[in-house]
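For reference, the structure is listed below as structure tokens.
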Amino acid sequence: MSVLAHGIGSRHDLPLSPFYAFAGAFAALFVSFLALGLLWPASRFRGDRAGRPLPVPLQRLADARPTRIAARAGGLAAALFVLLHLLLGPDGPERNPAAGAVYVLLWVGLVPASLLLGPVWRLLNPLRTLHLLVCRALARDPATGRPLPVRLGLWPAAAGLLAFTWLELVAPDPASSTALLLFLVPYGAVHLAGAARHGARWFDHADAFEVYSGLLARLSPLGRRPADRRLVLRSPFNGLDATPPTPGLVATVCVMLGSTAYDGFSDAPSWITSVQTSPLGRTTAATLGLLAAVALVATLYALCAGVTRLISGQLRHPLTVFAHSLVPIALGYLVAHYFTLLVTEGPHTVMVALGTDTSVPPEPPLAPGGIATLQVAAIVVGHVLGVVAAHDRSVRLFPPARAVAGQLPLLALMIAYTIGGLTLLLA
Amino acid sequence: MRRSPRPLRLNRLTSLTSRTAFPRLAVALLTAGALVCGASACGGRPTTHHRPGTSHEQAGGNVGRLLTADDGSGHRLRQVEATGAPAVTVAVRPDSEDGWNVHLSVRNFRFSPDSVGGAALLGRGHARLFLDGHPLARLYGPWYHLPDSLVREAGGGRTLTARLYADDHTAWAVHSTPIQATTPLTTTPSAGTPAAPRPDRTLEIVISHGKVSPAPGRTELRKGQRIELRVRTDRADTLHVHGYDKEARLPAGRTTTLTLTADHTGLFEVETHESDLLLTQLVVR
Chain U
-8 MSVLAHGIGS
2 RHDLPLSPFY
12 AFAGAFAALF
22 VSFLALGLLW
32 PASRFRGDRA
42 GRPLPVPLQR
52 LADARPTRIA
62 ARAGGLAAAL
72 FVLLHLLLGP
82 DGPERNPAAG
92 AVYVLLWVGL
102 VPASLLLGPV
112 WRLLNPLRTL
122 HLLVCRALAR
132 DPATGRPLPV
142 RLGLWPAAAG
152 LLAFTWLELV
162 APDPASSTAL
172 LLFLVPYGAV
182 HLAGAARHGA
192 RWFDHADAFE
202 VYSGLLARLS
212 PLGRRPADRR
222 LVLRSPFNGL
232 DATPPTPGLV
242 ATVCVMLGST
252 AYDGFSDAPS
262 WITSVQTSPL
272 GRTTAATLGL
282 LAAVALVATL
292 YALCAGVTRL
302 ISGQLRHPLT
312 VFAHSLVPIA
322 LGYLVAHYFT
332 LLVTEGPHTV
342 MVALGTDTSV
352 PPEPPLAPGG
362 IATLQVAAIV
372 VGHVLGVVAA
382 HDRSVRLFPP
392 ARAVAGQLPL
402 LALMIAYTIG
412 GLTLLLA
Chain Z
29 MRRSPRPLRL
39 NRLTSLTSRT
49 AFPRLAVALL
59 TAGALVCGAS
69 ACGGRPTTHH
79 RPGTSHEQAG
89 GNVGRLLTAD
99 DGSGHRLRQV
109 EATGAPAVTV
119 AVRPDSEDGW
129 NVHLSVRNFR
139 FSPDSVGGAA
149 LLGRGHARLF
159 LDGHPLARLY
169 GPWYHLPDSL
179 VREAGGGRTL
189 TARLYADDHT
199 AWAVHSTPIQ
209 ATTPLTTTPS
219 AGTPAAPRPD
229 RTLEIVISHG
239 KVSPAPGRTE
249 LRKGQRIELR
259 VRTDRADTLH
269 VHGYDKEARL
279 PAGRTTTLTL
289 TADHTGLFEV
299 ETHESDLLLT
309 QLVVR
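Taken in order, these protein sequences are the chains called U and Z. Per the numbering used here, the first sequence starts with residue -8, numbered consecutively. Per the numbering used here, the second sequence starts with residue 29, numbered consecutively.
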């Protein structure tokens, strides 16, 4: 495996043909301006209060102790499986399922799992389970600990996400057992220490995978209403609207968008040429590329928030209040880039884990045209969801006279992200 | 005119004669012997034939004339008259599973595995296969399966040569040139194609001092097309086509050819393993 390759997987999606890209860009622009004119003038989303409760037996089943214990045991067993394979198994993703389990089943698999079932990693997280078990053994309440500084917010998670995407996209030989152990063992140690100091809520703020899964779960139709702890079916917009405007949310979303964008352009031969001929050395050059991608996404966002503030006047946190509307755009990027990886390398990893003799991952289930359509559709749908979420937020925050003008900068930003995303698929 | 006295055969014939048609055969043999000696001015028939492994010097037999020139791999040439000299042609065709099947057609020549290492006898011996001058195998019969692995081990090559040798490992020669036949070993064998078709695209890539030229780009292919990658590098390396999992050794300073049929769609990277360079991306639509 090389510096230039993904963590795993040897087949990449074909570059998009211009037809699909133009169709996607046109659709995005069209919907954006339609939204300006036609969408509702008063806020409709009710965030956490919305939703239709699931039938009681279903809720009981989901909340039952055996279900929870089974999920926690499953998560722990899977982590142990990966760890043992990393320590004792052969090197190389063709023979060792550990790399596939981390980069495909966990990292990419969390996207559909969180979209369908909500913040699943909170339940499966082996670190949380370990912390729980140790607290049980010491007869301590897992929730006790020093309070976390409010300003910390999601910043540790953003840093963790950046570190993980660096490992996946930049590190030399990311699929080797050594690289994975060098990442996972310190990661586990840091978070267990954090949890020991601050209690289990540390994971809510600092665990990259929990925050990632939690943000994507905002778009899940399945949610939990905080008021009465009921599991409800709700519109993804309401879930998204309920995203708490925590410090570090913007950073987290920017890392999600930026790293996926970097994954896109790191496939371009021109970028690969500049990395492999760079006088700085490959890893440094690629690291700078990843940081630049995240910085670009963040700068554009900050610029847009600044303009929004100029237009609308008194907005207190223009950066954070709209950050939730970028989650669907990030989701669109993720689906467009990783769908094929999940459906080919996912089963392949399982087959390697089961010891079935397979050297070649299965063919993708869709023809090239189908994949291209799916990619464009994912990006455009993400864009539309983002536009609608931002619209609702702006009509709530701005006085009616300024509502349309106030959302213009954000709309421009979203169009930029979307067209950027399509261009990356084209490259 | 056949000039070989063939002592082994003579022995057998003698034993035959003692039982059956002694007078007629004896006359025929005497006549033949006289004719042979007269015609080729040989200094008497070679009377011994060494068992395998009991050889003396290269100049074991005194058939033909031993030249000072050698065949390029340290075996001296043994020149014989053009008329009636051994001759060889070689045909090669891809095997359906692995490598090629090589067939030698010889004239005035018999493979003599039993007596290798012994004295040179006209019209006897073995053949050797070379790929671009690199020795591949010694043959004791007309058919040989040449596995792909052997070709890769030899660093690949384009021309297969079959050369005839005497039992004492001198190379048979006529007019100071070894008796040999060549055939191009053009394409990488691929399963199911009896005659590999010509590639639709050829890509020449040179790597020197860690720089790839032409600069890595994308190679557009239609599904089902064949591409030939010709890679020359200044450092020994391994070529790898991801997704197709094709590998080839890249010996330093030589051009290695890897041919593959683009039979699944996607974007695949062609890389070197040691220096970890991207050479090109295959875009198969």
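Here a beta-carbon is modelled for each residue, glycine too, at the ideal position from N, C-alpha and C.
Chain Z contact residues for residue 268 of chain U, given Cβ-Cβ distances below 9 angstroms: 238, 239, 240, 243
Segment limits, alpha helix (DSSP H) that includes residue 383 of chain U: 359 to 388
Residue-chain proximity (residue 253 of chain Z, chain U), Cβ-Cβ < 9 angstroms: no
Coil, strand or helix - residue 22 of chain U by DSSP: helix
Cβ-Cβ distance between residue 316 of chain U and residue 249 of chain U below 9 angstroms: no
Selection of the region 37 to 65 of chain U by Cβ proximity to chain Z, strictly under 7 angstroms: none
Beta-carbon proximity of residue 54 of chain U to residue 222 of chain U, cut-off 9 angstroms: yes
Exposure label - residue 150 of chain Z; buried when at least 16 CB within 10 Å: buried
Identity of the residues DSSP links to residue 146 of chain U by a beta bridge: Partner(s): none; residue 146 of chain U has no beta bridge.
Contact set for residue 107 of chain Z: own chain, Cβ-Cβ below 6 angstroms, skip 5 residues either direction: 92, 93, 95, 201
Any chain Z beta carbon closer than 9 angstroms to residue 358 of chain U: yes
Whole-number beta carbon distance between residue 247 of chain Z and residue 308 of chain Z, since they are thought to touch under 8 angstroms: 5 angstroms
Coarse secondary structure for residue 289 of chain Z, derived from DSSP in three states: strand
CA-to-CA distance, residue 331 of chain U to residue 4 of chain U, given in whole angstroms: 7 angstroms
Chain U within 9 angstroms of residue 266 of chain Z, Cβ atoms only: no
Beta carbon of residue 109 of chain U nearer than 9 angstroms to that of residue 38 of chain U: no
Candidates Z:305, Z:300, Z:296, Z:301: closest to residue 263 of chain U by CA position: Z:305
Whole-angstrom distance between residue 345 of chain U and residue 36 of chain U, CA atom to CA atom: 46 angstroms
Distance, residue 134 of chain Z Cα to residue 102 of chain Z Cα: 23 angstroms
Minimum C-alpha distance to residue 133 of chain U - residue among U:229, U:124, U:278: U:124
Where residue 4 of chain U meets chain Z, residues with beta-carbon distance less than 9 angstroms: 294, 295
Beta-carbon gap between residue 94 of chain U and residue 366 of chain U smaller than 9 angstroms: no
Cutoff 9 angstroms: residue 234 of chain U Cβ touching any chain Z Cβ: no
Nearest-angstrom Cα separation, counted from residue 261 of chain Z out to residue 289 of chain U: 43 angstroms
Minimum C-alpha distance to residue 111 of chain Z - residue among Z:203, Z:165, Z:251: Z:203
Whole-angstrom distance between residue 417 of chain U and residue 408 of chain U, CA atom to CA atom: 14 angstroms
Inter-residue CB distance, residue 190 of chain Z and residue 144 of chain Z (contact presumed, cutoff 8 angstroms): Actually they do not touch by this definition, with Cβ atoms about 17 angstroms apart.
Residue-chain proximity (residue 220 of chain Z, chain U), Cβ-Cβ < 9 angstroms: Since pLDDT at residue 220 of chain Z reaches only 40, below the 50 mark, its modelled position is unreliable, and the value read off the structure follows with that caveat. By this cut-off, residue 220 of chain Z is not an interface position.
Boundaries (first-last residue) of the beta strand (DSSP E) holding residue 299 of chain Z: 294 to 300
Environment of residue 60 of chain U [buried if 16+ CB atoms lie within 10 Å]: exposed
Residues within the region 257 to 286 of chain Z neighbouring chain U, beta-carbon criterion of under 8 angstroms: 270, 271, 273
Residue 50 of chain U versus residue 373 of chain U: straight-line alpha-carbon distance, rounded: 30 angstroms
For residue 390 of chain Z, the residue or residues it bridges with in DSSP: Nothing about residue 390 of chain Z can be reported from this structure: the residues present for chain Z run from 29 to 313 only.
Short-range partners of chain Z found in the region 298 to 318 of chain U, where Cβ spacing is below 7 angstroms: none
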